[in-house]
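Structure record follows, encoded as structure tokens.
There are 2 protein chains.
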Amino acid sequence: MKDNSEKKHAFPNCSIRHILDRFGDKWSILIISILGHVGKQRFNELNQQIGDISQKMLTVTLRSLEADGLVSRKLYPEIPPRVEYELTDLGRSLLPHIEQLALWAEKNMECILANRAKYAQKKVG
Amino acid sequence: MKDNSEKKHAFPNCSIRHILDRFGDKWSILIISILGHVGKQRFNELNQQIGDISQKMLTVTLRSLEADGLVSRKLYPEIPPRVEYELTDLGRSLLPHIEQLALWAEKNMECILANRAKYAQKKVG
DNA sequence: AATAATACTTACCTCGAGGTAACTGGCGAA
DNA sequence: TTCGCCAGTTACCTCGAGGTAAGTATTATT
């Protein structure tokens, strides 16, 4: 009997791990927060806003956000084509929590970087 | 004149990207949340709590959290050695925001998974 | 003399997230 | 007839996060 089941982790880890699994990638959270700030955006607008994302990852990330129901995609069958992305209600409900984190980062990132520098010093000196 | 500077991204992206850079890895947030729940923990206790982390990544992650000043490390020079990890005030200040996210996940993850399944269906059918 | 216990460290390897660059389709403009 | 626009798609490649397994130091125990 190899009981490699039912004992993994008893904590609210579950939801945290879900969060990390789905939003721990490089672009999802950023895109959500941009759409939250500026509202509707077209593909190339997002591309320019972010600046250093590849077309491939922009489509991949948008598709997965769409699949999760966090972002809506509206295609206008014109030529050249126009596509508009926008947060859904679900996506919008996530925004405030992200912004809390961002706020925390703004307040504390300097301190963290200072700590890290000090720690690196200790290792050397 | 190649002006590849000063135009990257004008948004509060900055703090969000900082967050993702430092906490977007597989274990940091989880360890912070565990230490937040149970308080002081020894190395092997953490190892067992998490269940599926490797020793290597546990040390690596703890070191980086320590370097950032989010977690404190107390070594008791006994034999065999004893080490206790605990959140610092800075680490503790991050907790509520993480828990907000976790709460959001608990409420909405089911919906997200349902959306994803429906989306996959559409692709097939 | 061998084993156990703790908290690692080290060498080695895998795998997939993400990047790059070129191509697509349909139309209008030069 | 070739180019440009928009929103992708595709093939290919890199690189590093993270896993595995074995080794380290020290002492007490059997």
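Chains A and B supply the protein sequences, listed in that same order. Going by full-length UniProt numbering, the first residue of the first sequence is number 1, and it counts up by one from there. Going by full-length UniProt numbering, the first residue of the second sequence is number 1, and it counts up by one from there. Glycine residues also receive a C-beta, built at the ideal position from the N, C-alpha and C atoms. The structure displayed is predicted, hence computed values, not measured ones.
For a contact meaning CB atoms closer than 9 angstroms, what does residue i contact in chain A?
i	result
B/Q100	P96, H97, Q100 and L101
B/N108	L90, S93 and L94
Look up residue i in the DSSP assignment and say whether it is helix, strand or coil.
i	result
B/K7	The predicted model places B/K7 with a pLDDT of 34, which falls under 50 and marks its position as unreliable; any figure quoted below should be read in that light. Coil.
A/P12	Unreliable placement is indicated for A/P12, whose pLDDT of 49 sits below 50; the coordinate value is still reported in the next sentence. Coil, per DSSP.
B/M1	Model confidence at B/M1 stands at a pLDDT of 29, short of 50, so the residue's coordinates are unreliable; what they give is reported in the following sentence. Correct three-state label for B/M1: coil.
What residue range does the alpha helix (DSSP H) around residue i cover?
i	result
A/S28	S28 to V38
B/S93	D89 to V124
A/S72	That residue, A/S72, is in no alpha helix (DSSP H); its beta strand (DSSP E) goes V71 to Y76.
A/S64	Q55 to A67
A/I79	No alpha helix (DSSP H) contains A/I79, which DSSP labels as neither H nor E.
For residue i, go through chain A and note every residue whose CB falls closer than 7 angstroms to its CB, in chain order.
i	result
B/R17	L30
residue 127 of chain B	This structure cannot speak to residue 127 of chain B, because chain B is shown only from 1 to 125.
What does residue i reach in chain B if we use C-beta pairs closer than 7 angstroms?
i	result
A/D68	I112, N115 and R116
A/G24	G24
My understanding is that residue i touches residue j, with C-beta atoms under 8 angstroms, so please give their C-beta distance in whole angstroms.
i	j	result
B/A67	A/R116	5 angstroms
A/I34	A/L95	The Cβ separation is near 11 angstroms, so there is no contact.
B/L75	B/V83	5 angstroms
A/I19	B/A105	5 angstroms
A/L113	B/H97	Not a contact, Cβ separation roughly 19 angstroms.
B/R92	B/G36	7 angstroms
Name the chain B residues that come within less than 9 angstroms of residue i, Cβ to Cβ?
i	result
A/Y85	The premise fails here: A/Y85 is roughly 15 angstroms from chain B at the closest Cβ pair, so nothing lies under 9 angstroms.
A/L62	Going along chain B, no residue has its Cβ under 9 angstroms from A/L62, so there is no contact; the nearest lies around 12 angstroms.
Please list the partners that residue i has in chain A, where partner means a Cβ-to-Cβ separation under 8 angstroms.
i	result
B/G36	Within 8 angstroms Cβ-Cβ: nothing; B/G36 doesn't reach chain A, min ~10 angstroms.
- Do the region 56-72 of chain B and the region 13-30 of chain B touch if we need at least three Cβ pairs shorter than 8 angstroms? Yes, they touch.
- Message: With three or more beta-carbon pairs closer than 8 angstroms as the criterion, would you say the region 107-125 of chain A touches the region 50-59 of chain A?
- Response: Too few Cβ pairs lie closer than 8 angstroms, so no.
- Item | Cβ contact (3+ pairs, closer than 8 angstroms) linking the region 113-125 of chain A and the region 87-96 of chain A | no
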